[in-house]
Amino acid sequence: MLVLLAGCASTPPVATGPTPADVIRSGDANGEVHWGGQIVKVKNLRDRTLVEVLAFPLDSDGRPLADQPSHGRFIADKQGFLEPREYEPDRLIEVRGLLKGFTDGRIGESSYRYPVVISERLKLWDAPVSSARSGPRISPSIGIGVGSGGTRGWGGINIGF
72 MLVLLAGCAS TPPVATGPTP ADVIRSGDAN GEVHWGGQIV KVKNLRDRTL VEVLAFPLDS
132 DGRPLADQPS HGRFIADKQG FLEPREYEPD RLIEVRGLLK GFTDGRIGES SYRYPVVISE
192 RLKLWDAPVS SARSGPRISP SIGIGVGSGG TRGWGGINIG F
């Protein structure tokens, strides 16, 4: 007898050190970080690009979990030009790099102090994956079969989930 089992489980968030909100509270913007989230906006400068990111926890693959509570915002500072059409708002991004101080900015009418990450590695992710929807998918179905087996006819009805 052969038995096959399959299952799905949501991917738990990984520990990535202090969050951007923790760094803002502590005032200590030093050390390596592995953060990610959704791109808010991109600003190309002469020799580098600044990416404003709304931070979210990361799953074990480094994908931002955009359906979880936000961890604040940060700026990813990357040497060179990044194409704004690729690094567009709402796109998920993973960032690894070194914290290098703060920059002051605004969110609407509010002042905001952004931790700045000198980015060593950026990774864009496809559309968000909701951890709330990562369980089994249930879809009811009904099937009816009719056939002929020589002189005897046979048929059946199936209801499944």
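All residue numbers for the sequence shown refer to our numbering, where the first residue is 72 and numbers rise by one.
The C-beta atom is built at its ideal place from N, Cα and C for all residues, glycine as well.
Owing to the predicted nature of the structure, the values given are computational and were not obtained by experimental measurement.
Lys149 beta carbon less than 8 Å from that of Val187: no
Nearest to Glu191 (by Cα), restricted to the options Gly102, Ser97 and Asp93: Gly102
Contact set for Gly168: own chain, Cβ-Cβ below 6 Å, skip 5 residues either direction: Val188, Ile189, Ser190 and Glu191
Minimum C-alpha distance to Gly143 - residue among Asp130, Tyr158 and Ile178: Ile178
Inter-residue spacing [alpha-carbon to alpha-carbon] between Glu165 and Ile146: 12 Å
Beta-carbon proximity check, Phe152 vs Ala100, cutoff 8 Å: no
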